[in-house]
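Numbering (our numbering), first residue to last: 305 to 561.
Below: one structure, written as structure tokens.
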Amino acid sequence: MAETEIEWTDATWNPVAGCSVMSAGCTNCYAMRMAKRLEAMGVEKYQGLTETRNRKAVWTGKIHEDHHALNVPYKWKKPKKIFVNSMSDLFHDKVSEEFILEVWKVMEETPHHNYQILTKRPDRMLDILTKKGGKILSNVWLGTSIENERVAYRADELRNVPAKIRFISFEPLIGPVGAINLSNIHWAIVGGESGPFARPIQEQWIDEIHDQCAIYDTAFFFKQWGTWGADNKKRSKKANGRVYRGQTWDEMPQYAY
Numbered sequence: 305m306a307e308t309e310i311e312w313t314d315a316t317w318n319p320v321a322g323c324s325v326m327s328a329g330c331t332n333c334y335a336m337r338m339a340k341r342l343e344a345m346g347v348e349k350y351q352g353l354t355e356t357r358n359r360k361a362v363w364t365g366k367i368h369e370d371h372h373a374l375n376v377p378y379k380w381k382k383p384k385k386i387f388v389n390s391m392s393d394l395f396h397d398k399v400s401e402e403f404i405l406e407v408w409k410v411m412e413e414t415p416h417h418n419y420q421i422l423t424k425r426p427d428r429m430l431d432i433l434t435k436k437g438g439k440i441l442s443n444v445w446l447g448t449s450i451e452n453e454r455v456a457y458r459a460d461e462l463r464n465v466p467a468k469i470r471f472i473s474f475e476p477l478i479g480p481v482g483a484i485n486l487s488n489i490h491w492a493i494v495g496g497e498s499g500p501f502a503r504p505i506q507e508q509w510i511d512e513i514h515d516q517c518a519i520y521d522t523a524f525f526f527k528q529w530g531t532w533g534a535d536n537k538k539r540s541k542k543a544n545g546r547v548y549r550g551q552t553w554d555e556m557p558q559y560a561y
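Quick look at the structure:
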């Protein structure tokens, strides 16, 4: 629960800790490395969430629901864009439906904030929100992660989720997604992978998404090149920067405010 360096949000809020590797985009997840560090620092809610395999931190699949964290957004009086569960997935199978609805209650009672929820499980998101009557909170943006065309079907599942703002995070983009259908998707975030084991990104993969955004009037946000630059050379994330096609792209969804 803190200010963040993530370019498209103001703060992170983690009422859930822990996750599982779901698809190829999870392989080098920064949250696994961070959870291991927090465990080493003695932070209770991160104990037992990761194990070491081949010198890398990997999720154990253990989940911790942090009821104390539910109070945090009430304390933030100034409106913020809040990324929910940067260290987990709210719609993980082991997160109880009851707890998800508690999180929903907090968001409903703090309408001065805009909440951004990102999941690799849009099917469960759809199931739970449909069961609760499909009530749309105008301050809650719902999204899914797509790292390559093998999981592009998540866009179709997201399209059916009741939401004011729907968005896709194409990060880490580790393969082409092709001519993905972005109808009724309001925002696309694109970024390359960073870290010691980062996989390269190709500019033509970004081009495909950018062109689809133009077709469907979807806001385009280019977050970073990551460890691999436009010239396919490996260097620091900071050195590679955020410039794509000669400019930075910070578009936000049209009906965000």
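Here a beta-carbon is modelled for each residue, glycine too, at the ideal position from N, C-alpha and C.
DSSP three-state label for residue i, please.
i: Y561; result: Note that Y561 scores a pLDDT of 41, beneath 50, so its modelled location is shaky and nothing firm can be said.
i: Y419; result: strand
i: F395; result: coil
i: V547; result: coil
i: E309; result: coil
i: V388; result: strand
i: W529; result: coil
i: G346; result: coil
i: D370; result: coil
Report the rounded CA-to-CA distance for residue i versus residue j, giving the unit in angstroms.
i: N485; j: M345; result: 44 angstroms
i: D511; j: S473; result: 15 angstroms
i: W408; j: W380; result: 17 angstroms
i: S324; j: P504; result: 23 angstroms
i: A373; j: D535; result: 43 angstroms
i: T308; j: R454; result: 30 angstroms
i: D431; j: A467; result: 13 angstroms
i: K538; j: G530; result: 9 angstroms
i: K385; j: P426; result: 21 angstroms
i: G495; j: K527; result: 5 angstroms
i: A321; j: G482; result: 33 angstroms
i: H514; j: D521; result: 10 angstroms
i: I440; j: T434; result: 10 angstroms
i: E343; j: I519; result: 45 angstroms
i: D393; j: I469; result: 18 angstroms
In terms of residue numbering, what span does the beta strand (DSSP E) encompassing residue i cover?
i: E355; result: T354 to R357
i: I472; result: I469 to F474
i: A315; result: A315 to W317
i: V362; result: K360 to W363
So, at 8 angstroms on beta carbons, what are the nonlocal neighbours of residue i in its own chain, with the 5 sequence-adjacent residues on each side left out?
i: Q508; result: P480
i: A361; result: M336, R337, A339, K340, T354 and E355
Quick one: what's got a C-beta closer than 6 angstroms to residue i's C-beta in the same chain, skipping five residues either side?
i: A560; result: Low confidence applies here, because A560 scores a pLDDT of 48, under 50, leaving its location unreliable and the question unanswered by this model.
i: P415; result: N443
i: D370; result: P319 and K349
i: C566; result: Outside the shown range of the chain (305 to 561) lies residue 566, about which nothing can therefore be said.
i: N544; result: W529 and G533
i: D314; result: K384 and K385
Report all residues from its chain with a CB closer than 7 angstroms to the CB of residue i; omit the five preceding and five following residues, and keep chain order.
i: G329; result: S449, E451, P476 and I478
Locate the alpha helix (DSSP H) running through residue i, then write down its first and last residues.
i: L430; result: P426 to K435
i: W408; result: E401 to E412
Exercise. Taking the runs of the beta strand (DSSP E) that are 3 residues or longer, which of them lie wholly in the region 476-517?
Worked result: Secondary structure within the region 476-517: the beta strand (DSSP E) runs of 3 or more consecutive residues, fully enclosed, are 491-495 (chain order).
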